[in-house]
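Asks:
In my numbering, the protein residues as written are 465 to 1035.
1. Between which residues of its own chain and residue 732 is the CB-CB distance below 6 Å, once the five residues before and five after are set aside?
2. Excluding five sequence neighbours on each side, which residues of the same chain lie with their C-beta closer than 8 Å to the C-beta of residue 482?
3. What are the boundary residues of the beta strand (DSSP E) that includes residue 1077?
4. Quick one: grab the DSSP three-state call for residue 630.
5. When the distance is taken between beta carbons, is residue 874 closer than 8 Å to residue 567?
6. Please go through the segment 686–742 and give each complete beta strand (DSSP E) segment of 3 or more residues, from N-terminal end onward.
7. Would the segment 1002–1011 and the segment 954–962 be scored as touching if the rule is three or more Cβ pairs under 8 Å?
8. Around the C-beta of residue 667, are 16 or more other C-beta atoms found within 10 angstroms, so that it is buried, or is it exposed?
9. Write down every uninterrupted run of the beta strand (DSSP E) in the segment 870–934 whose length is 3 residues or greater and which is fully enclosed by it, in chain order.
10. Mapping DSSP to helix, strand and coil, what is residue 970?
11. Counting C-beta neighbours from all protein chains within 10 Å, is the total for residue 494 16 or more, i.e. buried, or is it exposed?
12. When the Cα atoms are used, what is the spatial distance from residue 778 to residue 637?
13. Given that a residue counts as buried once 16 or more other Cβ atoms are within 10 Å of its Cβ, and exposed if not, what is residue 655?
14. Which residue marks the beginning of the beta strand (DSSP E) containing residue 997, and which one marks its end?
15. DSSP three-state label for residue 804, please.
16. Can you tell me the Cα-Cα spacing of residue 704 and residue 712, whole angstroms?
17. Can you look up residue 515 in the DSSP assignment and give me helix, strand or coil?
18. Helix, strand or coil: how does DSSP classify residue 564 here?
19. What are the partner residues of residue 955, as DSSP defines its beta bridges?
20. For residue 846 and residue 853, which I take to be in contact (beta-carbon distance under 8 Å), what is that distance rounded to the nearest angstrom?
21. Since I believe residue 907 is in contact with residue 843 (beta carbons under 8 Å), could you give me their beta-carbon distance rounded to a whole number of angstroms?
22. Could you check where the beta strand (DSSP E) with residue 980 kicks off and where it finishes?
23. Answer with yes or no whether the minimum CB distance from residue 883 to chain B is below 8 Å.
24. Can you tell me the Cβ-Cβ gap for residue 1014 and residue 1001, rounded? I've got them flagged as a contact below 8 Å.
25. Out of curiosity, what's the CA-to-CA distance linking residue 519 and residue 827?
26. Sort 882, 978, 541 by Cα distance to residue 925 and report the nearest one.
27. Where residue 798 and residue 887 are concerned, what is the direct C-alpha to C-alpha distance, given to the nearest angstrom?
28. Could you say which of 693, 645, 724, 686 lies nearest to residue 521 if we only look at CA atoms?
29. Would you check if the distance between the CB atom of residue 839 and the CB atom of residue 789 is smaller than 8 Å?
30. Between the alpha carbons of residue 719 and residue 561, how many angstroms are there, rounded?
31. Starting from residue 605, follow its DSSP beta bridges and name the residues at the other end.
32. Straight-line CA distance for residue 645 to residue 785?
33. Are there 16 or more other CB atoms within 10 angstroms of the CB of residue 972, so buried, or fewer, so exposed?
34. Identify which residue in 1029, 831, 760 has its Cα closest to the Cα of residue 458.
35. Looking at the secondary structure, which residues open and close the alpha helix (DSSP H) in which residue 530 lies?
36. With DSSP collapsed to three states, give me the class of residue 587.
Written out as structure tokens, the structure is:
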């Protein structure tokens, strides 16, 4: 009797598991079969987010609570989100919402299309977001706030012009480490398109500092009290001085109207312009690729900012880049950063158990720090998709191949000369150290490009051109060739053309990036209400001999001439 009941229970469990598996398989097939080709429909324009709104309240984030949500609460919610799990299994993850017909994002309070849209000049890269020359070091700085706790102290000053800056220093023994990383990455994130603070390298003598009245601070013992001159002297003693007695620091200009950080999930309820859930914004999903390139592992909500502008809307910032490249702010970046989670990494823990501890992680083969001003920064074991951040990031976890491709295009838009200009702004005293950092940035950039351009067909910047005989050609840029990852001589392009679903050109192969279109200049068929053309393109490299995933470009006709409607990409 007991055996029979056990068998029945076992059979019931198996049937339930089978039923659930069958249902899941059915839903996957159903989801995969949805969204067929059909006619291309131009998406609705994304509403602007810079309309005047009422001034929101300052908002802070409880760091321990926020970390618990990211590590525990959000992960549990995702496990029970059946729709999300099925989409992941079927390979049809939910796409970003704020994109146009070509997969791009519009200029907004979050992002401005810059180097990825039009190459910036070297002067523009060097200037970055800066509107001036930084604080006036020729006159007195009044200390209006200070931080004594922690390894690297700092203060807030007001200069003779009345401007306020947060003054941040390098850790003892690692001059130029954090300050250089902060400024270099400020230039690069700005050129990528993100709003960032104005950050300046400054050299000043302590004698220009004057303690303000009733400056509150937290001392080394955790007590909150007013600061006195002895406290200021103690802070200054913990900062490395140059031979002439000056101090090197980063001066980060206060953002006017600052309203606290933003979250990578949800929307801000007191901002009527904030209508798109942050985790579904392409510029935040694709940020994962750019952040990995620059070793910006500390992408917590607290390292962001919002500000109420003079125009009356909320602007969104990335900030605090002292823990990027080879710097962790208060020390060189530990070698495991980017390779393991900040907390217990279950995947690595399992490997250790299975191999009885004999498995040696790649990052454990530690190389010595070559330059103290650069810290621990590598390219040889860097993998853009396997890169791990300090905490799970809701936007990063939802990144699709299309989001990743968007981010990779921006990374690959930086030329060697532009990167050299950004590194120069770090003002490294050792030219060999600066060259070393530049080489690593270039190598990591190319690793990003090779990975993402092999996963997504990197044909972009489509345009229509008229040929001498009066017909049209669809022209494009092969980003892999343009950036030197592939050779034009070893690249071929196969394309089909359909008109209202019927083949007009089939499987033509060319070695050029301008594809001839059928004659007739896009005129509509007799009796047709609307003519739509679909140009399906694939590329093949001699290096692998395989045709890539497709890119479909859609054309319409207006008064007998072609017009670009949009692009779809196979993931």
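Even glycine gets a Cβ: it sits at the ideal position worked out from N, Cα and C. Note that the structure is a prediction, hence the values are computed from the model and not measured.
Replies: With the structure as the only source:
1. 738
2. With a pLDDT of 38 at residue 482, under the threshold of 50, the modelled position of that residue is not reliable, and no figure is offered here.
3. Nothing about residue 1077 can be read from this structure; the chain reaches only from 465 to 1035.
4. strand
5. no
6. 688–690, 711–717
7. yes
8. exposed
9. 923–930
10. strand
11. Residue placement at residue 494 is flagged as unreliable, the pLDDT there being 41, under the threshold of 50; the coordinate-derived value follows with that caveat. Under this definition residue 494 is an exposed residue.
12. 40 Å
13. buried
14. 996–1005
15. strand
16. 8 Å
17. coil
18. coil
19. 1005
20. Rounded, the Cβ-Cβ distance is 14 Å, inconsistent with contact.
21. 4 Å
22. 978–980
23. Note that chain B does not occur in the displayed structure, where there is just one protein chain.
24. 7 Å
25. 47 Å
26. 978
27. 22 Å
28. 724
29. yes
30. 29 Å
31. 673
32. 7 Å
33. exposed
34. There is no way to answer for residue 458, as the model of the chain reaches only from 465 to 1035.
35. 527–532
36. helix
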